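There are 2 protein chains.
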Amino acid sequence: MVTDKTTEKGSTRYHHGNLRPTLLSVARALLEEGGPQALSLREIGRRAGVSAPAAYHYFSSLDALAAALAEQGFAELSEEIDAALAGPRRHLLAGGIAYVAFARANPGLYRLMFGEGFQAYSKGNEAIGASRMRVYRQMKEDLEKRLAPEKVANAALFLWSLTHGLALLTIDGQIEPGVDPDARVAEVLKLAGLGLPAAK
Amino acid sequence: MVTDKTTEKGSTRYHHGNLRPTLLSVARALLEEGGPQALSLREIGRRAGVSAPAAYHYFSSLDALAAALAEQGFAELSEEIDAALAGPRRHLLAGGIAYVAFARANPGLYRLMFGEGFQAYSKGNEAIGASRMRVYRQMKEDLEKRLAPEKVANAALFLWSLTHGLALLTIDGQIEPGVDPDARVAEVLKLAGLGLPAAK
DNA sequence: TCATGATTTTAACAGTGTAAAGATTGGATC
DNA sequence: GATCCAATCTTTACACTGTTAAAATCATGA
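Sequences listed follow chains A and B, in order.
Okay, so the first sequence: first residue is 1 according to full-length UniProt numbering, each after it adds one.
Okay, so the second sequence: first residue is 1 according to full-length UniProt numbering, each after it adds one.
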């Protein structure tokens, strides 16, 4: 069979396309369409115009492919946080806003990175566990500049919990429609610095 | 075939056991062993000593069975929070501690209740969406007694995010081993009332 | 006693991840 | 330029899954 294989760029290809990136990009689209549950090697192959076992030349399993996606996500998230922290606005708040904005822009990917499947595909993949810790470190380092040492651990867990929880609830549609999500997120995150408002 | 079917109680059974509760309890065990991903109708049937399609007389699908488990979970969680709020300790803090303790005691169930599969099995099941909201209401009602009306919405989202995030991070093993989880949770939740510690 | 209705089983279908084997091809070597 | 090689992809097959349709079984009311 000598059918033409046209890649996304429209050019007719030799053996077959540059598959690995194609697989990842197709998988990512699938991920955002239907969440981590929708990730399927056969569907990925189908959309890439390739037979399902073809993916096994680049990934040892579906979980391995998912892990690669997650690593991609951690790299991007880390970058966005760095950019926000380098920006003109208040450090921790800007970082938190960027964190939640990333989750909102990539809900499927965020669920993959922090979801239930995490233990499964991170088995034997130490890199991705480390990636996950890196974003935590970013928060923590900022806190270390501003707090007494014995208070850092609790404050870091506090901030990470708040941000992570807010990201997930946002993704799950718990922010009322009609309000600007960034503004709402900022308001909520500000409470972290101020504590609960005073009693009436 | 006239084989004896012995239930968990050890008694020999007529037609076959009281299946629905057995299915639920077996499924719940499976859930805590391997997380929501491990839920499998065939495995549930196997452990219940019954053929897989038997479950279809009580649940229209695997998702429906998962929804029933989730509802069970919401009822229990709600009860534990009520009990904590009625107790002698500080209201919101005690509620938060009970919330996280529930997640720690039932990690698989908690992931099912708030995890990625949620949208899937809550389709056409309005009851469980409502159940999910009920725990939010509990927090919110308590806040309404203590805050000016315009501050309630943000404060509620703030507290829910923090508690939900802390529960998930705890489940994911982000609390250092060796410390008492309840104590650690209490310390972190206290920061919600106090704000971040003052700069050094 | 016996028919009825509820319960469970067997058989089958379409879908999945994955392993093993064979086919195809692009590029290096003569 | 022809030829071999190693990388890449396909075909085939297996075990597993959720789910449906049909048949078998049993508990109980008439």
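C-beta atoms are modelled at their ideal positions from N, C-alpha and C, and glycine is treated no differently.
All values derive from a computational prediction rather than experimental measurement.
Three-way DSSP call (helix, strand, coil) for B/Asn154 in this model: helix
Would you say A/Phe158 lies against chain B (beta-carbon separation less than 7 Å)? yes
Quick check on the DSSP output: the alpha helix (DSSP H) that includes B/Asp142 runs from which residue to which? Glu126 to Glu144
Check the Cβ-Cβ distances between A/Ala155 and every residue of chain B, and say whether any is below 7 Å. yes
Mapping the DSSP letters down to three states, classify B/Gly175 as helix, strand or coil. The amino acid at residue 175 of chain B is misidentified as Gly; the sequence shows Ile. It is coil, neither helix nor strand.
Leaving out five residues before and five after B/Ala155 in sequence, what residues of the same chain have Cβ atoms less than 8 Å from its Cβ? Leu143 and Leu147
Is there a Cβ of chain B sitting closer than 7 Å to that of A/Gly165, yes or no? yes
Return the first residue and the last residue of the alpha helix (DSSP H) that A/Ala36 is part of. Looking at the sequence provided, one finds Pro at residue 36 of chain A rather than Ala. Where A/Pro36 is concerned, there is no enclosing alpha helix (DSSP H), given that its DSSP letter is neither H nor E.
Presumed contact (8 Å Cβ cut-off) between A/Pro177 and A/Thr170, rounded CB distance: Not a contact, Cβ separation roughly 12 Å.
A/His57 burial status per 10 Å Cβ neighbour count (16 or more: buried): exposed
Span of the alpha helix (DSSP H) holding A/Phe102? His91 to Ala105
Beta-carbon contacts of A/Gly10 that lie in its chain and below 7 Å, excluding the five residues immediately before and after: With a pLDDT of 34 at A/Gly10, under the threshold of 50, the predicted position of this residue should be treated as unreliable, though the coordinate-derived value follows. Excluding sequence neighbours, A/Gly10 sits near nothing in its chain.
Under the rule that 16 or more other beta-carbon atoms within 10 Å means buried, what is B/Pro36, buried or exposed? buried
Return no unless some Cβ of chain B is closer than 7 Å to the Cβ of A/Lys151. yes
Looking at the C-beta of A/Gly73, does it have a partner C-beta in chain B at a distance below 7 Å? no
Quick one: list the residues of chain B neighbouring A/Pro36, beta-carbon separation under 8 Å, in chain order. Glu116
Which of the three DSSP states is assigned to A/Tyr110 in this structure? helix
Return the CA-CA distance between residue 212 of chain A and A/Phe114, expressed in angstroms with no decimal places. This structure leaves residue 212 of chain A out entirely; chain A is present only between 1 and 200.
As an exercise, report each continuous alpha helix (DSSP H) stretch of at least 4 residues that is fully enclosed by the UniProt domain "HTH tetR-type" (17 to 77) of chain A, in chain order. 19 to 34 and 41 to 48
Round the Cβ separation of A/Gly96 and A/Thr22 to the nearest angstrom and send it over; I've been treating them as touching at under 8 Å. Contact doesn't hold; Cβ gap of about 35 Å is too wide.
Mark A/Val135 as exposed unless 16 or more other C-beta atoms lie within 10 angstroms of its C-beta, in which case mark it buried. buried
Could you please tell me which residues of the stretch 183 to 195 of chain B, in chain order, have their CB closer than 8 Å to any CB of chain A? Arg184, Glu187, Val188, Leu191, Ala192, Gly193, Leu194 and Gly195
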